[in-house]
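Inspection log for the structure reproduced underneath, given as structure tokens.
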Amino acid sequence: MSAVVMDSGKKRFLDFLTSSGGTGLLGVKAHLFTNNVTPNRADLLSTYTEAAWTGYASQTLSGWAVASLDGTFHALSTASPVIFNNGSAGTVSAYGYFVTDSGGTNLLYAERFAAPPVSILAAQSLTLTCTFTDTSEF
Numbered sequence: 010m011s012a013v014v015m016d017s018g019k020k021r022f023l024d025f026l027t028s029s030g031g032t033g034l035l036g037v038k039a040h041l042f043t044n045n046v047t048p049n050r051a052d053l054l055s056t057y058t059e060a061a062w063t064g065y066a067s068q069t070l071s072g073w074a075v076a077s078l079d080g081t082f083h084a085l086s087t088a089s090p091v092i093f094n095n096g097s098a099g100t101v102s103a104y105g106y107f108v109t110d111s112g113g114t115n116l117l118y119a120e121r122f123a124a125p126p127v128s129i130l131a132a133q134s135l136t137l138t139c140t141f142t143d144t145s146e147f
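Start counting at 1 in the sequence shown, then tack on 9, and there's your number in the numbering used here.
If you want it as structure tokens, here you go:
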């Protein structure tokens, strides 16, 4: 027999992780990846090539929204948007983002952009809003 997590429980667990009642995702960092890879649940941090252009820096995620349920009864929470700058003289590209713990040593999850690669023109930026859900999509 399997345990059943109630919808209210899903929301509460996610609220705990995203700091609406806990501290589990406080300080996690979003990073852009530049290699053409599709995230897989068995990936390691070494799977992803982090962006390294002038002006780029990983960004701390904060401001997680109170969890809600989507139409398939999965709980989700969205962080405040973060901005990745391109201070280089040319256009740069990224295929998606990955999220690590605050030390950047443990991979938590990754997402490929819907239409990769995304180009960021010289002296421009990319605004990214990260969502965490209670289920893996793959």
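All C-beta atoms in this analysis are idealised placements derived from N, C-alpha and C, irrespective of residue type, glycine included.
Since the structure is predicted, the reported quantities are computational estimates derived from the model, not experimental observations.
Per-residue burial, residue i [other beta carbons within 10 Å of its own, 16 or more giving buried]
i                : result
serine 111       : exposed
leucine 135      : buried
asparagine 95    : buried
serine 77        : exposed
phenylalanine 82 : exposed
leucine 137      : buried
Beta-bridge pairing of residue i - partner residues as DSSP gives them
i                : result
phenylalanine 42 : Glu59 and Gly105
glutamine 68     : Ala39
alanine 84       : Leu78
Beta-carbon spacing of residue i, residue j below 8 Å
i            : j          : result
serine 128   : serine 102 : yes
threonine 43 : leucine 85 : no
alanine 88   : leucine 70 : yes
glutamate 59 : leucine 41 : yes
Residue i, enclosing beta strand (DSSP E) - first and last residue
i             : result
asparagine 94 : 91 to 94
threonine 142 : 140 to 142
arginine 121  : 116 to 121
valine 127    : 127 to 129
serine 134    : 134 to 137
Short CB-CB distance (under 8 Å) between residue i and chain D
i            : result
tyrosine 104 : The chain labelled as chain D is not found in the depicted structure, where only one protein chain is given.
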